[in-house]
Ligand SMILES: [Zn+2]
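In the numbering used here, the protein residues as written are 6 to 257.
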């Protein structure tokens with residue numbers, strides 16, 4: 006079983022423009038903070054994997070990180086993409102259909118270019134409405150229309166839905182299944198242990214997230230991995246010999 010921490014970013018802002026940017030939200034991060042976080046991941050040699058590698062079981066038993074970017078901000082293309090390309094890191098982007106092409110948002114051409122570079126694209130809805138408060142018909146439309154539009158423009162299957170505001174309910178999950186999405190992403194801070202569940206959890210990074218907290222979370226993930234590896238080893242080596250039942254330990 007693989008332990009994966011999915012990091013969720015929004016807009017990245019150049020440090021020298023930070024004070025001059027009026028429309029910042031708590032989810033905007035400075036370029037230098039983003040770089041420091043990537044530096045830590047790479048210094049610790051924590052693998053940065055893609056959803057497709059993880060969901061298709063192409064990563065080994067290990068602790069990995071997935072990078073995601075919501076809302077389709079222009080900084081995805083202008084700031085994040087060059088950094089990721091330079092470092093050879095995988096990432097997934099979740100644009101909102103009705104935002105595409107707006108000022109400060111990515112365009113279809115940019116999304117196509119990112120997709121051609123093997124970055125994954127998923128859906129973040131059509132209108133960025135809270136799915137858990139939507140009438141069923143409107144919710145279905147959000148899911149189906151966003152999926153179809155992205156698939157038509159990008160000519161690739163769209164299988165992951167990042168729920169706007171991380172909000173969803175049982176109906177949302179059923180509708181997402183009906184619309185042939187394989188996964189729904191939340192914004193609950195949790196390390197995912199395996200990918201069997203329909204909902205996968207993410208950590209929403211803010212500009213108030215201290216690097217110490219970031220390092221602690223990733224170290225916790227690494228420790229979880231070592232604990233799981235150790236217990237897996239015990240299980241494989243000794244369970245047959247002694248008939249030990251340590252599955253329950255593994256699931257703790
Ligand atoms: Zn969003």
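All residues carry an ideal CB built from backbone N, CA and C; glycine is no exception.
Nothing here was measured: the structure is a model prediction, and the numbers come from that model.
Can you pull the DSSP bridge partners for residue 35? Your numbering for residue 35 matches position 30 in the chain shown. Looking at the DSSP assignment, residue 35 forms a beta bridge with 18.
Does DSSP classify residue 181 as helix, strand or coil? Translated into positions along the chain shown, residue 181 becomes position 176. Three-state result, residue 181: helix.
Among 104, 167, 12, 154, nearest to residue 187 - alpha-carbon criterion: Within the chain shown, residue 187 is the residue found at index 182, counting from 1. Comparing Cα positions, the closest option is 167.
If you drop the 5 nearest sequence neighbours on each side, which residues of the same chain put their C-beta closer than 8 Å to that of residue 34? Taking the chain shown and counting its residues from 1, the one referred to as residue 34 is at position 29. Taken in chain order, the residues that qualify are 14, 15, 16, 17, 18, 210, 211, 212, 214.
What first and last residue would you give for the alpha helix (DSSP H) that runs through residue 117? Along the chain shown, read from residue 1 onward, the residue named residue 117 stands at position 112. Here the alpha helix (DSSP H) through residue 117 covers 113–121.
What are the partner residues of residue 13, as DSSP defines its beta bridges? Walking along the chain shown from the start, residue 13 turns up at place 8. Answer by DSSP bridge pairing, in chain order: 73, 209.
Once DSSP output is grouped into helix, strand and coil, what is the label at residue 54? For the purposes of this step, residue 54 is identified with residue 49 of the chain shown, where counting begins at 1. Three-state DSSP puts residue 54 in coil, outside helix and strand.
DSSP beta-bridge partners of residue 189: As a position in the chain shown, residue 189 is number 184, starting the count at 1. Looking at the DSSP assignment, residue 189 forms a beta bridge with 166, 204.
Taking buried to mean at least 16 other C-beta atoms within 10 Å of its own C-beta, is residue 26 buried or exposed? Position 21 of the chain shown, counting from 1, holds the residue named residue 26. Result: exposed.
Do residue 169 and ligand 1 come close, with the Cβ less than 7 Å from some heavy atom? If you number the chain shown from 1, residue 169 lands on position 164. Indeed, a heavy atom of ligand 1 lies less than 7 Å from the Cβ.
Outcome for residue 197 when other beta-carbon atoms lying within 10 angstroms are tallied against a minimum of 16: The sequence position of residue 197 within the chain shown is 192, counting from 1. Taking all protein chains shown into account, residue 197 has 16 or more neighbouring C-beta atoms within 10 Å of its C-beta and is therefore buried.
Which residue's Cα is closest to the Cα of residue 44: 204, 139, 183, 219? On the chain shown, residue 44 is found 39 positions in, with the first residue counted as 1. Looking at the Cα atoms, 219 is the closest of the given residues.
Supposed close pair residue 72, residue 222 - CB separation, criterion 8 Å: Walking along the chain shown from the start, residue 72 turns up at place 67. Walking along the chain shown from the start, residue 222 turns up at place 217. About 14 Å; that fails the 8 Å criterion.
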